[in-house]
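So the sequence lines, in the order shown, correspond to chains Z and R. Position 72 of the first sequence, counted from 1, bears residue number 772 in my numbering, the numbering being contiguous throughout. Position 175 of the second sequence, counted from 1, bears residue number 186 in my numbering, the numbering being contiguous throughout.
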Amino acid sequence: MPRLSREAWFGIVVGVLVVVTLGYVGFAALQPSGSPANAAATTVSDPRLRALLAEPHLVFLKPSGADPTQDVVSVAPLQQGTTERFETGLHCQRAYFAGGHGVCVGRDLVGSGFFFDDSFTAGRTFSQPGLTSRARVSADGKYASSTVFVTGHSYNSPGFSTNTLITDVATGSSVDLERFTVTKDGQRIQAPDFNFWGVTFAADGNRFYATLGTNGHTYLIEGDVANRTARVLTDGVECPSLSPDGTRIAYKHALPGAQREWRLHVLDLRTMADTALAETRNVDDQAEWLDNSRVTYGLQDQGPPATLDVNLWTVPANGSGTPTLFLAHATSPAVVGRP
Amino acid sequence: MYTQLRSGLTQEAQAGERVPWWRVSRNVVNLGLTSLFTDISSEMISTILPLYLVYVLRMTTLQLGVVDGVYQGASALMRLVAGVAADRGGRHKEVALAGYGLSAVCKLGMLAVGGAFGPLVAVILADRTGKGIRTAPRDALISLSSPRERLGVAFGVHRALDTAGALIGPLVAFALLTMLPGRFDVIFVVSFCFAAVGVAVITVLVESRRSPETASRRLSLRPALGLLRLARFRLLVLAGFGLGLATIADAFIYLALQRRVDFPPTFLPLLYVLTSVVYLVLAVPAGRLADRLGRARVLLGGYAALAGVYLAVLSSAEGAVLVLGSVALFGVYYACTDGVMAALASSLLPAETRSGGLALVGTSTALASLAGSVLFGALWTTVGLQVAVVAFLAGLVVAGVALAGGLVWTRPGPVPA
Chain Z
701 MPRLSREAWF GIVVGVLVVV TLGYVGFAAL QPSGSPANAA ATTVSDPRLR ALLAEPHLVF
761 LKPSGADPTQ DVVSVAPLQQ GTTERFETGL HCQRAYFAGG HGVCVGRDLV GSGFFFDDSF
821 TAGRTFSQPG LTSRARVSAD GKYASSTVFV TGHSYNSPGF STNTLITDVA TGSSVDLERF
881 TVTKDGQRIQ APDFNFWGVT FAADGNRFYA TLGTNGHTYL IEGDVANRTA RVLTDGVECP
941 SLSPDGTRIA YKHALPGAQR EWRLHVLDLR TMADTALAET RNVDDQAEWL DNSRVTYGLQ
1001 DQGPPATLDV NLWTVPANGS GTPTLFLAHA TSPAVVGRP
Chain R
12 MYTQLRSGLT QEAQAGERVP WWRVSRNVVN LGLTSLFTDI SSEMISTILP LYLVYVLRMT
72 TLQLGVVDGV YQGASALMRL VAGVAADRGG RHKEVALAGY GLSAVCKLGM LAVGGAFGPL
132 VAVILADRTG KGIRTAPRDA LISLSSPRER LGVAFGVHRA LDTAGALIGP LVAFALLTML
192 PGRFDVIFVV SFCFAAVGVA VITVLVESRR SPETASRRLS LRPALGLLRL ARFRLLVLAG
252 FGLGLATIAD AFIYLALQRR VDFPPTFLPL LYVLTSVVYL VLAVPAGRLA DRLGRARVLL
312 GGYAALAGVY LAVLSSAEGA VLVLGSVALF GVYYACTDGV MAALASSLLP AETRSGGLAL
372 VGTSTALASL AGSVLFGALW TTVGLQVAVV AFLAGLVVAG VALAGGLVWT RPGPVPA
């Protein structure tokens, strides 16, 4: 066998690597993606879906396993343990629907989202780079809010921060909560480490509650979209969710001493009385009120063995009872047309 | 980049002035290509790593912080050890190859370990260790493959190719993820293939530069630390530490600009791309300038550009001019400091301890920058942006003046081979 020159060896090695690259990419491209989005989506013309949308129902995401951008916007009756569900053709990582308008955040991994209407047709898109976290729409459908984690861009990056936008659904213009004037005990406060997340809108569509993280505190703030102002109400409240009657906040209560461990609590805004709910597992979600006495929230399937699947659970909002499964294979709940 | 048919110190030295300034040794170009492919590979991974960790592995942000810390700290530590090891017997190519090879294998390792947190952190640690291992011997090899009066251009060419890779990597990653959503395995495999091409380039096409005088025999930290007795080199290590400490990371600067000028955060990634483009374009001219005007002058000029960025942040200027001007100055800063620092250090170091010496100056500057970032973040939060920037500006001026004054004060030592 003739001795090959160094250049020939190099050519062979590179040739093999090119073949491997193209072969693997090609093989991956040809594989059926198995993503639910490719399944035939139900159209709103389906009479059963039309009937369902006329009743109180749940808009949620059906988790897709490995690729969270393929979670499917779905509809189910507002009925515990129902097996009836309709999948739409929309998919993203976090969705919400209220007042005839929906928002879907994280339709790709680089951070873009879109709005959709009550026929589940995608409309205006927007860009919000980061890791998708929360989404909400005000009851009148006027404003949408979305929170993402912004990651650093270089080795010396300042670390994690969040970015929360409130967007006018009709015009698409948005405002960053960091532009809001925040007061605490009547005094204006500001700091470069301000992070906002987890907006929940009040019934009037203009007032909202959210979490302001700064210097180790997680303040519950009450904000005013039109005035671009917010004031600190209390400390230690993350991802608030306002009850339909506007009197209580369900939220993530950080376990003292533990890191990244939360329990569901309910705070009465009139008395500021705080109640731990009966759910004893770690909940990292923005809860949704099923009615004025129960909340629902997503919990990853902890198995054993733990999987990437997520289920919706429900627990009474007054600390009594025990958590029960509300809807399997579901996350990102939005209750529409509450009774 | 044009290469000579026959490379090597002696031929180039003999060719003398007739060799155009922009020609560099083929070894330098091949090391540049190694870095280009390796950077495509590693930037593909660092682009998607947060997405992969949070989305697919459902990691918490705290765990992500652990990974981030590992990512930053691992390479600095290994750099010194490997730099010194490479000097022993002049095995720069072998040690650099081990570093490139380790990082390449780790790309497949990420695919293999799946979602297990501990093993994944171990693979990431090994990947960054590979980067730490290769940096100093590779730079030593670049300098040993280039005549002393052309070190600036040689490092400029290498850094330009390296930066090109860093620009291409994220594009490849995003293109693949757009085409094949959620297929992180494809990213890992393609990233491995790019890394393997880089390994093939250095294995087959890069020649080692081993000569009797470049071969120190014993493996010991002492020769590298003994370098600190060289007055001008000691000065460079200290000044590098001081300048690094006074460097505000681009992430902070761009965040400050974004808040001041109020452009959409969507544009933030674009600023990093623009900075890299300016660096890419200016790396070779800055190297040439360093060879002509003096490397220390260009290095100081680079830090003057950084001071310009600080002043821009402090100024009352508004709008696109401020942002684009700052981005351009940041690119100038990179072009005039990164490769030029390596060229300057190389020119001060004897051949037999070059890799260890380069590791020493590189590690001290990198660790100082890391400490500076933490310090700046803390200052910004406690005393505010303006005060923090003024403090860092003062630190930069002091360190720069100390370096300039020190270089005038100390006589140039005997010229090492």
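C-beta atoms are modelled at their ideal positions from N, C-alpha and C, and glycine is treated no differently. All values derive from a computational prediction rather than experimental measurement.
Using beta-carbon distances, Z/Tyr724 counts as an interface residue toward chain R, with a partner under 9 Å. Burial check for R/Met190: the Cβ neighbour count within 10 Å stays below 16, so the residue is exposed. R/Asp50 sits in a helix when the DSSP states are folded into three classes. When the Cα atoms are used, Z/Asp818 and Z/Gly800 turn out to be separated by approximately 5 Å. Against R/Thr146, chain Z offers no close residue; the least beta-carbon distance is about 13 Å (beta-carbon pairs closer than 8 Å). DSSP places R/Arg149 in the uninterrupted alpha helix (DSSP H) bounded by 128 to 155. Under a 10 Å Cβ-count criterion, Z/Gly723 is classified as exposed, with fewer than 16 other Cβ atoms of the shown protein chains found around its own Cβ.
By the Cβ neighbour-count rule, Z/Trp897 is buried, with 16 or more other Cβ atoms within 10 Å of its own. Where R/Gln397 is concerned, the enclosing alpha helix (DSSP H) starts and stops at 396 to 420. Annotated three-state conformation of Z/Gly898 is strand, per DSSP. For Z/Asp808, a Cβ of chain R is located within less than 9 Å of the residue's own Cβ. The C-beta of R/Glu329 has fewer than 16 other C-beta atoms within 10 Å across all chains shown, which makes the residue exposed. In the three-state reduction of the DSSP assignment, Z/Ala891 falls in the coil class.
In summary, R/Met121 is buried, with 16 or more beta-carbon neighbours lying within 10 Å of its beta-carbon over all protein chains present. A Cβ-Cβ separation of about 16 Å leaves R/Arg221 out of contact with R/Gly367 under the 8 Å criterion. Interface flag for R/Cys204 against chain Z is set, since a Cβ pair is found closer than 9 Å. The stretch 919 to 932 of chain Z makes no contact with the stretch 281 to 298 of chain R: fewer than 3 CB pairs, one atom from each, lie closer than 8 Å.
Per DSSP, reduced to three states, the secondary structure at R/Ile264 is helical. Note that the C-beta distance between R/Asn38 and R/Val208 is not below 9 Å.
The Cβ-Cβ distance between R/Leu47 and R/Asp150 does not fall below 9 Å. 9 Å or more divides the Cβ of R/Ile198 from the Cβ of R/Ala175.
Note on geometry: alpha-carbon atoms of Z/Ala910 and R/Leu390 lie some 27 Å from one another.
Under a criterion of Cβ atoms nearer than 9 Å, the residues of chain R adjacent to Z/Asp893 are, in order, Gly388, Trp391, Thr392. Counting of Cβ neighbours within 10 angstroms places Z/Gly726 among the exposed residues, the total staying below 16. Between the C-alpha atoms of Z/Glu784 and R/Leu386 there is a straight-line separation of about 56 Å.
Looking only at R/Val116, R/Arg145, R/Ser57, R/Val394, the smallest Cα-Cα distance to R/Val92 is reached by R/Arg145.
Listed along chain Z is no residue with a C-beta nearer than 7 Å to that of R/Leu172; the closest approach is about 17 Å.
For R/Val201, a Cβ of chain Z is located within less than 9 Å of the residue's own Cβ. Under the three-state reduction of DSSP, R/His103 is assigned to helix. Secondary structure note for Z/Trp1013: its beta strand (DSSP E) is the uninterrupted segment 1010 to 1016. In the same chain as Z/Ser1020, and ignoring 5 residues on each side of it, the C-beta atoms closer than 8 Å to its own belong to Ala978, in chain order.
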